[in-house]
Structure formats: structure tokens, C-alpha cells
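Take a look at the structure below.
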Amino acid sequence: MDFERFKQINEQKNFQGELNDPSVISITKNSGCGDAYRIYLKIDESDPQKKVTDASYTTTGCAFSVAALSLAMEWAKGKPLSTIKSIKASDIEAMFEFPERRKTYPEAAARALQKAVIDYENHTGISIKDIASRDLALQKLKEQGHLRNEKLARVNFEGVDLHGVDLSGAD
């Protein structure tokens, strides 16, 4: 394993974060470790091939999840949905070799991308209106001064100081 490259991927955190106006938001878990993934895809719907124009993710996962998801998003950008549906862990591993004990991470990232495409095609993804995103939650906090009774269970507040914020009733 190339530790320098691994460190670089995790420090840069390319493709990590929420997309504005995504075509689909899909949630999945790595069944091996329980890490939660949220995949955001922006799709050119005017293109007959429906190519992905932008991709990002959020995760509750470890550095191996971050690496696998970052590489998966990089791989997906510019590709048509038909190609993304057939992604394999080996496509991600062609970009970075994961240690044998960590092979579940590129497998989970590939499944997460496939699920995002299926969610898009079946209209089963999560609506931006139905989720609490970091940006929306911080906007509400700015406007209201609190986050009482908000749905926050899947929001990543890493690096945000919520000391003193009223979160009563929030899930």
C-alpha cells in the first residue's frame, strides 16, 4: 500500500461534501463495518447517455472509506450511467491498491455508486427537501438561533462548534 498516496487522498478529501442541486442523493452502508455513505450525483439529463457531471459523498466512515469513496467519485465523473452501473471494486483498486484486509471498502464504494444510479433511475433517491444537510442545518441555525426539533441524525457536523446550541427534540 502506498501510504503517502493514502495520506494525500485523505488530506485532500476531494469530492467530499454535499452537492448543490444534485440529480440524486442515495444513502447506503458498508455492511462490513457499518459506515454510512451518502452519494450525490449531478447528471446531465439533456445528454442521451446521462453522463455524471459532478459527484460527491459524505460519510461517517474511516480513512479507508474516504479513500474508496473519493476514488469512486473521481472514476464516475464524466461517465454515463450505464458504465457506472457496472463499476467493480477492481475499477477503484486500479487507481489505488487497498490492503487485503481493507478490500471491503472499494467493494462498498462500488455498490454505493451502483445504488445511486438505481435510485436515480427508479426515483427512489432521497429528495433534497427530505434530508437535513449540513448547509441547510447551518442556515437554519443562523436564521433561528437553534436547531430544536430538526432531523439531524445523518448530518455531519465535523469541525462545527455546536457548544451552547439548543438541540432539544432533534434526532
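Numbering (our numbering), first residue to last: 345 to 515. The beta-carbon is built from N, C-alpha and C at its ideal position, and this holds for glycine as well. As the structure is a computational prediction, the values presented were derived from the model and not from experiment.
Query: DSSP bridge partner residues for Ala380 (one or two, in chain order); Result: Lys373
Query: Sub-9 Å separation of Arg382 and Thr397 beta-carbons; Result: no
Query: Uninterrupted beta strand (DSSP E) stretches inside the region 461-487 (no shorter than 3 residues); Result: none
Query: Contact the region 452-471 vs the region 360-379: 3+ CB pairs below 8 Å; Result: yes
Query: Cβ neighbour criterion (16 or more within 10 Å) applied to Met345; Result: exposed
Query: Beta-carbon gap between Ala438 and Ala454 smaller than 9 Å; Result: no
Query: Opening and closing residue of the alpha helix (DSSP H) in which Ala416 lies; Result: 407-420
Query: Spatial distance of Ser512 from Arg349 (CA atoms); Result: 42 Å
Query: CA nearest to the CA of Thr448, picked from Leu506, Gly405, Ile428, Lys484; Result: Gly405
Query: Which of helix, strand or coil DSSP assigns to Ala497; Result: coil
Query: Through-space distance from Gln360 to Leu385, alpha-carbon basis; Result: 12 Å
Query: Top-ranked residue by Cα proximity to Glu451, from Ala497, Cys377, Asp515; Result: Cys377
Query: Integer-rounded CB distance, given that Ala460 should sit under 8 Å from Ile436; Result: 15 Å between Cβ atoms; not a contact.
Query: Cβ neighbours of Ile387 in the same chain (closer than 8 Å, five flanking residues each side left out); Result: Ser367, Val368, Lys394, Lys395, Val396, Thr397, Leu425, Tyr464
Query: When Arg478, Glu487, Gly422, Leu457 are compared against Gly503, the one with the closest alpha-carbon; Result: Arg478
Query: Residues near Ala407 by beta carbon distance below 8 Å, same chain, minus five either side; Result: Phe350, Asn354
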